[in-house]
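Numbers in this note's numbering are just positions in the sequence shown, counted from 1, shifted up by 96. Every residue, glycine too, gets a C-beta built ideally from N, C-alpha and C. Worksheet for the structure shown next.
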Amino acid sequence: MDDQHAAASLLQAQTGQLLSDFLLGESPGGEPRRRERGGGRGRRPDFRIPKAQVLDGGERLQIIDTLIAVIGGVYCHLPQKRAAYALDPVQALQLLRAQVVALSEGEFHLALTSIISGLRDAHTRYSGPAAKQGAVAALPFLVEQYGPYDAPTFVVSKVSAPELIKDARFKSGVILESWNSIPFARAVDLHADRETGGRPDARRARALESLTFRALECGPPPDEMAVDIAYRAPPRGTLRETRIPWRVVQPERAQINHQPGSRASRYIAADPAAEAVRRTKKLMFSGNVWEADRSGTAIAHDEKRVKWIRTRFQDALAARIVKNSSSGDLGYLRIWSFDVEDDDAFIAEVMRLLDILPDNGLILDLRGNPGGLIWAAERLLQLFTPNTIKPARFSLLASPMTRAMASSPFNRMEFEAWLPSLEAAIATGEPYSQPLPLTDPAWCNDIGQKYGGPVVCVVDPNTYSAGDLFAAGFVDNEIGPVVCVGEATGAGGANVWTHFDLREALRGTSFELSVLPPDVGYTLAIRRALRCGAADGLPIEDLGVPGIAYEMTLDDLLQENRDLIAFCAGLLSGIPRTVMKVQIDERTVSITTRGLDELETYMNGRPFEAVRRISDGAHQLPRPDAEIIEFVGRRNGEICQRRRLGLNAG
Numbered sequence: 097m098d099d100q101h102a103a104a105s106l107l108q109a110q111t112g113q114l115l116s117d118f119l120l121g122e123s124p125g126g127e128p129r130r131r132e133r134g135g136g137r138g139r140r141p142d143f144r145i146p147k148a149q150v151l152d153g154g155e156r157l158q159i160i161d162t163l164i165a166v167i168g169g170v171y172c173h174l175p176q177k178r179a180a181y182a183l184d185p186v187q188a189l190q191l192l193r194a195q196v197v198a199l200s201e202g203e204f205h206l207a208l209t210s211i212i213s214g215l216r217d218a219h220t221r222y223s224g225p226a227a228k229q230g231a232v233a234a235l236p237f238l239v240e241q242y243g244p245y246d247a248p249t250f251v252v253s254k255v256s257a258p259e260l261i262k263d264a265r266f267k268s269g270v271i272l273e274s275w276n277s278i279p280f281a282r283a284v285d286l287h288a289d290r291e292t293g294g295r296p297d298a299r300r301a302r303a304l305e306s307l308t309f310r311a312l313e314c315g316p317p318p319d320e321m322a323v324d325i326a327y328r329a330p331p332r333g334t335l336r337e338t339r340i341p342w343r344v345v346q347p348e349r350a351q352i353n354h355q356p357g358s359r360a361s362r363y364i365a366a367d368p369a370a371e372a373v374r375r376t377k378k379l380m381f382s383g384n385v386w387e388a389d390r391s392g393t394a395i396a397h398d399e400k401r402v403k404w405i406r407t408r409f410q411d412a413l414a415a416r417i418v419k420n421s422s423s424g425d426l427g428y429l430r431i432w433s434f435d436v437e438d439d440d441a442f443i444a445e446v447m448r449l450l451d452i453l454p455d456n457g458l459i460l461d462l463r464g465n466p467g468g469l470i471w472a473a474e475r476l477l478q479l480f481t482p483n484t485i486k487p488a489r490f491s492l493l494a495s496p497m498t499r500a501m502a503s504s505p506f507n508r509m510e511f512e513a514w515l516p517s518l519e520a521a522i523a524t525g526e527p528y529s530q531p532l533p534l535t536d537p538a539w540c541n542d543i544g545q546k547y548g549g550p551v552v553c554v555v556d557p558n559t560y561s562a563g564d565l566f567a568a569g570f571v572d573n574e575i576g577p578v579v580c581v582g583e584a585t586g587a588g589g590a591n592v593w594t595h596f597d598l599r600e601a602l603r604g605t606s607f608e609l610s611v612l613p614p615d616v617g618y619t620l621a622i623r624r625a626l627r628c629g630a631a632d633g634l635p636i637e638d639l640g641v642p643g644i645a646y647e648m649t650l651d652d653l654l655q656e657n658r659d660l661i662a663f664c665a666g667l668l669s670g671i672p673r674t675v676m677k678v679q680i681d682e683r684t685v686s687i688t689t690r691g692l693d694e695l696e697t698y699m700n701g702r703p704f705e706a707v708r709r710i711s712d713g714a715h716q717l718p719r720p721d722a723e724i725i726e727f728v729g730r731r732n733g734e735i736c737q738r739r740r741l742g743l744n745a746g
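Here's what the structure looks like:
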């Protein structure tokens, strides 16, 4: 009976409310619509959010004046966006201010949203009043593409509860031919013109995602209440048509996510719209995992006979062992998001999963990762390499507002390091401050290498923000190859703040911001990310991180990424493999190596003995009286393995 109740509850969450009812604001106390019957017994919960208040003229001017101030004074990409897109958002807002009285409520919010979205920056968003906060308009299926970029095939890869689609023939694997009588490829490209992204492939990737999932807090609702779709079964089945209504659902947040106003909220690099869509996909297509996230229960889910390892960070992580005929068993770690509150616990969980996965090779899959906590992304890199990790650096726009913010005694922890270069910019004319890391380099190397096998990272244009930072760090610190489905990652290169964070940081300065009308807000890119290593100084924004190109296949979409995994396995097999395993006993320390010719030993950070020439096999030394022991293995002079262990942790 409990299972039946849970299934009915999940179906209610997936059903949500028809978009037509949501927008028209029909009373939840009225009779249920007849077309909504059959989705489960009993009365449905009310998913409708109350109508938002209408802004008066003064409140509209207050919103515009705030955006003029923060975009002109703090928005870190302003010079780059002006150059790349030949636009001036500050002037556009000034023009809107002059016309604000003549606009209707809807026209005002649409005009404001259009100016902000014209920056093509998913970090920088305007969210209108409360009616749409937390809501996502959804169609109960997922569309993906395979084949070459200039001639893609669009396929339904997943379908949600069958109760939500009345056409039984519309199922996973069907090929989409048209969308509201527009050829499907053309419909995607038309929608891409509205999307953020500095490259055409990034805009298409986001358009393909938002064609069926739209975060209403960050953008307008769909133009239509339902979509008419023409489709056929592969390879050349009969052309059929179906009509599917838009629904509005509430995906909620996982228990592990950071909370607004916390210190961690100022170290975020994420796309809030993409995060809401990611959670909605989990609700629609992995409902049991979504339910477990809400309750904080870890489950080992089994999809299509694929066994995933149980993890309490199941909203952010998924791990399994994959079989490969040529390379043997490989590890596969999907990092869905870095949106976690506790980076220490997150990294500890990744370490636990790495201990379970084979050490023959590891595939890190960050496709669709919308970002999250910068510390979590950059600190994670150290687990996969013996190299010393250098994190990305961030700079502020040099302006009177940022100088005032950095000079405030309340912001010393946040901006003190940037203040000298901001003040020097008055005389030098530099547009930006000195770039400095947000993640302390010592934190990025406080654990060291934990996985000794070869590693490959997979990304796509929906890998964004902190996902971009991880991919950039993976390349710039020479950890391994990056495979890219598309030209590059999504190109979100900034630390993003909410209106709440920025207002608090400017409190007590001459640029103090007034409180916005209830439930109106924005997010803003405040610190610009720059790469290190061979790409030192290059911005991530609008460029992204390119890699080895890969085109998805139909088997990838319908058979758990089968061809992609085989492609990555081929890359892993070509990377020279070395091994180092350390076993600590009461009296001895044993080191087993393979493929290494030199071994260095350090005690408490100091050399313990001369460099040893070694061959494959086990090596033993007495357990020393030290807190930390570290082994460094070399091959032909190059550091290939490094292990740092605490001896007196207990």
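Cβ neighbour criterion (16 or more within 10 Å) applied to residue i
i: Gln187; result: exposed
i: Arg738; result: buried
i: Glu574; result: exposed
i: Gly202; result: exposed
i: Lys486; result: buried
i: Gln110; result: buried
i: Gly670; result: exposed
i: Glu637; result: buried
i: Val197; result: exposed
i: Phe506; result: exposed
i: Arg282; result: exposed
Test item: CB-CB of residue i and residue j under 8 Å
i: Ile735; j: Pro482; result: yes
i: Pro244; j: Leu260; result: no
i: Leu717; j: Val685; result: yes
i: Leu453; j: Leu479; result: no
i: Gly748; j: Ser561; result: Residue 748 lies beyond the residue range present for the chain, which begins at 97 and ends at 746; the question has no answer from this structure.
i: Thr619; j: Pro368; result: yes
i: Gly214; j: Glu313; result: no
i: Glu305; j: Ala360; result: no
i: Trp342; j: Pro316; result: no
i: Ala233; j: Val344; result: yes
i: Gly629; j: Thr585; result: no
i: Ile644; j: Val581; result: no
i: Gly468; j: Phe434; result: yes
i: Gly691; j: Arg702; result: no
One or two residues paired with residue i in a DSSP bridge
i: Met46; result: As displayed, the chain neither begins before 97 nor continues past 746, which places residue 46 out of reach and without an answer.
i: Trp342; result: In DSSP, Trp342 forms no bridge with anything.
i: Ile417; result: Gly427
i: Asn591; result: Arg623
i: Ser491; result: Arg624
i: Val232; result: Ala311, Val345
i: Leu717; result: Val685
i: Pro537; result: DSSP output for Pro537 lists no bridge partner at all.
i: Cys553; result: Leu460, Val578
Per-residue DSSP class, three states only, for residue i
i: Arg623; result: strand
i: Asp439; result: helix
i: Pro635; result: strand
i: Asn744; result: coil
i: Asn384; result: helix
i: Tyr181; result: helix
i: Ala706; result: coil
i: Ile459; result: strand
i: Glu696; result: strand
i: Asp263; result: coil
i: Trp275; result: strand
i: His219; result: coil
i: Gly468; result: strand
i: Val239; result: strand
i: Tyr327; result: strand
i: Ser253; result: strand
i: Arg374; result: helix
i: Cys664; result: helix
i: Phe506; result: helix
i: Cys736; result: strand
i: Arg731; result: strand
Contact test: residue i Cβ vs the ligand SAM heavy atom, cutoff 7 Å
i: Phe309; result: With respect to the ligand SAM, the structure offers nothing, as it holds no ligand at all.
Inset, instruction - Flag this pair as touching only if the region 531-542 and the region 554-561 have three or more C-beta atom pairs under 8 Å; answer yes or no. - result: no
Inset, instruction - Examine the Cβ distances between the region 645-665 and the region 592-600 and report whether three or more of them are shorter than 8 Å. - result: no
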